[in-house]
Amino acid sequence: MTSEREFTNLIEENRGIIFKVIRLYVNHEEDERDLFQEILFQAWRSYPNFKGQSKFSTWLYRVGLNTVLTFKRRPQLVIPHEDLSLLKTSSGDKIPGEETEALYIAIRELNEIDRMIVTLHLDGYENEEIADISGLTKNNTAVKLHRIKETLTKKLKAL
Amino acid sequence: MELGELWKKLDSDKLSKPVLGSVHIQKKSKHPVQKLKNAYLITTGFSVVSLIVFIVLFFLFDEWIVKVGLVFMIFSYIFFFATNFSMYRKVNIALPIDQSLKTALLHTYNFITENIRFQERVALFIYPFATASGFLMGGSEGSGNVMKMLEKKEVLIALVVSCVVLTPLAFYLTRWMYKVSYGKCLTELKARIEELENPE
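Going line by line, the protein sequences match chains A and B.
Take the first sequence: its letters are residues 1 to 159, numbered as in my numbering.
Take the second sequence: its letters are residues 1001 to 1200, numbered as in my numbering.
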């Protein structure tokens, strides 16, 4: 029988994953709170099925993404592409440290499936793992990933 | 800076910062599937209460035609209770939340649409009887003799019109309520499923 303490410890060690998933898909404070609890609830309920074939962090990432993308959320804020240009000074130079913000905005502009694929890739997951997590084929994952990276690079270069 | 480096910086600077809430496992869920499951439990309870009311009414009314209407209602609500309870039990199957996203999305989408179709069918099945029984009970109370009341052509027309108008009204009201509650959620789920099924 799994102890709640053991589970809670694992969550404490990996809670950055939950925060990341929420930050990438949620805009409202109330949704953040709800989704944090919902991911914990779903993870706790599914934990007995976790047999350790993958790392706990991978498993939690999957639970987090599935929960967020099947949950009823408030309408998402649309960040217009033009906002990327706000990350420049009046002389046209980049504001120091704002490249990361530009990447955040560019990722948030992607549709939710593309967002998931690229963030898993950037977190070091192989195409096969991404395909397994998303339900796409490995080939489709590779093709999509290539296109998404091109889009992101273009957007960031435009800055 | 390269994409990978930027991502690491973004992750440590912004994404991994704590959001509201503490690591405390609550025993309730706000997931749409769970909410629908709770709705089934409430409806099951509601159908039991209604069933008791109809049984009591059956003994309160003397006229046989009202009793026939009420017998229909009692059987309808037994069916209503049984189907709702069976749907409630069916949702006990845990969400496949630790499988692929496509599996989780399909499960959620199919469950919600199946539930809406079920409620619409129930509305079509229950409301004609409910309308007719209500009409007859009202008639019995008002006139004191339903059979005599039903001899009047205009009363029969009113009964038919009530059934013809109220049944589709209830059907479309049910559909509209579900559209308001889950329409947007379903559209989004479907778009994500299509994105995964036809990625090109």
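Glycine residues also receive a C-beta, built at the ideal position from the N, C-alpha and C atoms.
Closest option to phenylalanine 1080 of chain B, judged by alpha-carbon separation, among B:Gln1099, B:Ala1123, B:Val1053, B:Pro1018: B:Ala1123.
For glutamine 1026 of chain B, a Cβ of chain A is located within less than 8 Å of the residue's own Cβ. Each residue's CA atom was taken as its position, placing glutamine 1034 of chain B and isoleucine 1157 of chain B some 44 Å apart. With distances taken between CA atoms, leucine 1189 of chain B lies nearest to B:Leu1101 out of B:Leu1051, B:Leu1101, B:Ile1042, B:Gly1142. Under the Cβ distance rule, alanine 1082 of chain B does not count among the residues neighbouring chain A, no pair being separated by less than 8 Å.
For a cut-off of 8 Å, the C-beta gap from valine 63 of chain A to glutamine 42 of chain A is around 6 Å, short enough to register as a contact. Legend: CB atoms of the stretch 51-72 of chain A lying less than 7 Å from CB atoms of chain B belong to residues Trp59, Arg62, Val63, Leu65, Asn66, Thr67, Leu69, Thr70, Phe71, Lys72. Residues of the same chain with a CB within less than 6 Å of the CB of methionine 116 of chain A, apart from the 5 flanking positions on each side, are Leu65 in chain order.
Here glycine 1004 of chain B is exposed, its C-beta having fewer than 16 other C-beta atoms within 10 Å. Linking glutamine 1026 of chain B to phenylalanine 56 of chain A through their CA atoms gives a straight-line distance of about 20 Å. For the stretch 122-143 of chain A, the residues whose beta carbon sits under 7 Å from a beta carbon of chain B are, in order, Leu122, Asp132, Ile133, Ser134, Gly135, Leu136, Asn140. Chain B places a beta carbon closer than 8 Å to that of threonine 100 of chain A, counting this residue as a contact.
Distance from the Cα of proline 1128 of chain B is smallest, within the candidate group B:Val1161, B:Leu1015, B:Ile1097, for B:Val1161.
Of the candidates B:Val1053, B:Thr1044, B:Thr1131, the residue whose Cα lies closest to the Cα of proline 1168 of chain B is B:Thr1131.
Within its own chain, the residues whose Cβ lies closer than 7 Å to the Cβ of serine 1047 of chain B, once the five positions on either side in sequence are excluded, are Tyr1077, Phe1080, Phe1081, Asn1084, listed in chain order. According to the DSSP assignment, threonine 151 of chain A belongs to the alpha helix (DSSP H) that extends over 138-158. The beta carbon of tyrosine 25 of chain A sits no closer than 8 Å to any beta carbon of chain B. Proximity to proline 48 of chain A across B:Ile1052, B:Thr1174, B:Glu1197, B:Ile1097 peaks at B:Ile1097, based on C-alpha coordinates. Judged by their CB atoms, valine 1066 of chain B and serine 1140 of chain B are nearer to each other than the 8 Å cut-off.
For tryptophan 1176 of chain B, the nearest beta carbon of chain A is not closer than 8 Å to its own beta carbon. Around the beta carbon of proline 1032 of chain B, 16 or more other beta carbons lie within 10 angstroms, which makes this residue buried. The beta carbon of proline 1032 of chain B falls within 8 Å of a beta carbon belonging to chain A, placing the residue at that interface. Here threonine 1108 of chain B is buried, its C-beta having at least 16 other C-beta atoms within 10 Å.
In the structure shown, the three-state DSSP call for leucine 1095 of chain B is coil.
For leucine 120 of chain A, the enclosing alpha helix (DSSP H) covers residues 112-122. Under the DSSP assignment, histidine 1107 of chain B falls in the alpha helix (DSSP H) whose first and last residues are 1101-1143. Residues Arg73, Arg74 of the same chain have their beta carbon placed closer than 6 Å to that of aspartate 31 of chain A, with the five preceding and five following residues left out of the count.
Apart from sequence neighbours up to five positions away, the residues of its chain that approach tyrosine 1182 of chain B with a beta-carbon distance below 8 Å are Pro1032, Ile1112, Ile1116, ordered along the chain. Under the Cβ criterion of 8 Å, isoleucine 1157 of chain B is not counted among the residues facing chain A. Under a criterion of Cβ atoms nearer than 7 Å, the residues of chain B adjacent to lysine 20 of chain A are, in order, Asp1011, Leu1015, Ser1016. Taking the Cα positions, asparagine 1198 of chain B is about 10 Å away from alanine 1191 of chain B. The Cβ-Cβ distance between leucine 35 of chain A and threonine 67 of chain A falls below 8 Å. Within the same chain, Cβ atoms closer than 7 Å to the Cβ of leucine 69 of chain A are found at Glu112, the five residues on either side in sequence being excluded. Proximity of chain B to leucine 152 of chain A at the Cβ level (cut-off 8 Å) is accounted for by Leu1003, in chain order. Arginine 23 of chain A counts as buried, since at least 16 other C-beta atoms from the protein chains shown sit within 10 angstroms of its C-beta. Judged by beta-carbon spacing, tryptophan 59 of chain A lies within the 8 Å limit of phenylalanine 50 of chain A, meaning their Cβ atoms are closer than that value.
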